[in-house]
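J.: Residue numbers (mature numbering (1 follows the signal peptide of the UniProt record, and there is no 0)): -26 to -1, 1 to 146. Let me give you the structure first, and then I'll get to my questions.
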Amino acid sequence: MWIDGRFVRNLMMLVLGLTFSSQTVAQTTVAKFHIRFSGTVDCQQPVAANNIPISGDGSGAIYADGSAYADVTETAFIFSSTIHFDGRLGARPTSAPGGSAQVRVAGRNGLKLIWNLPNNALVVNISTRGQSCSASFAANLFPGKRQYTLFDGSTIHYCSRPRVAETSCQVQ
C-alpha cells in the first residue's frame, strides 16, 4: 500500500500544529495579580504577646487551562515564610512551611490559596474581573481545635483568631 507523501506531510503538520497550539493555550494567562494583607493577632504560646503584626504580600497568575500559581510571603512577629502555591483543578496539597499549601481554582477568574497549619487553614480568596481584583483573608479552625496556629519559619505559635485590618489586590 502506497501512502501519498503530501498526505503524510500534511498529517505531520496537523499533529505539530495541534501540539504547539495546545501548549500555547495551556499557558495563556487569564490574569496576573498582586495581593497584600495586614492585621494583628494575640498569641498565648510559646510566648504570650498581644497585637503582634501579621502581613502577607504576594503575586501569581491564573491560566486558561485551569492551572494557577502564587507565591505569598507571610510575616508573623519578625519572621517570614514564603509559601508557594501551584496547582490546577483537583490538585492535592503540597508541602509548605509549617504544613501544606493548596491552590483551588474557583471558576475562570478566581483562586483560593489555602495554607494548612496544625490547627487551622489560612485562606486567601482572590477574584479577578478585567482590570479589577479583590482579595479576602480568612482563618478557619479545624474541627475540635480551639486555638489558631501561626508558623514564623521556625516555631508554631498558638494564638487567638487573626484580625485582618486591610487587604488589597491589583491586576498586573
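Even glycine gets a Cβ: it sits at the ideal position worked out from N, Cα and C. Values in this document were obtained by computation on a predicted structure and should not be read as measured data.
1. Would you identify the three-state DSSP class for L91, choosing helix, strand or coil?
2. Tell me which residues share the same chain as Y122 and place their Cβ nearer than 7 Å to its Cβ, disregarding the 5 neighbours each side in the sequence.
3. For D31, which beta-bridge partners are listed by DSSP?
4. Can you tell me whether A23 is buried or exposed, with buried defined as 16 or more other CB within 10 angstroms of its CB?
5. Select from T47, Y43 and V15 the residue whose C-alpha is nearest the C-alpha of G30.
6. Just list the residues that DSSP pairs F59 with in beta bridges.
7. Beta-carbon separation of Y43 and D60 under 7 Å?
T.: On the basis of the data shown:
1. One-based indexing of the sequence shown puts residue 91 at position 117. Coil.
2. What you label residue 122 is simply residue 148 of the sequence shown in a count that begins at 1. Spatial neighbours of Y122 in its own chain (CB-CB distance under 7 Å, excluding positions within 5 residues in sequence) are listed in chain order as N93, N94, A113, L115, C133, S134, R135 and P136.
3. By one-based count along the sequence shown, residue 31 stands at place 57. The partner list for D31 (beta bridge, DSSP) reads R10 and T47.
4. Sequence index remark: in the sequence shown, residue 23 carries index 49 (1-based). By the neighbour-count rule (16 or more Cβ atoms within 10 Å), A23 is not buried but exposed.
5. Taking the sequence shown and counting its residues from 1, one reaches residue 30 at position 56. The shortest C-alpha separation from G30 is found at T47.
6. Locating residue 59 in the sequence shown gives position 85, where the first residue counts as 1. Looking at the DSSP assignment, F59 forms a beta bridge with A44.
7. As a first step, residue 43 must be located in the sequence shown, where it is residue number 69. As a first step, residue 60 must be located in the sequence shown, where it is residue number 86. At the C-beta level, Y43 and D60 come within 7 Å of one another.
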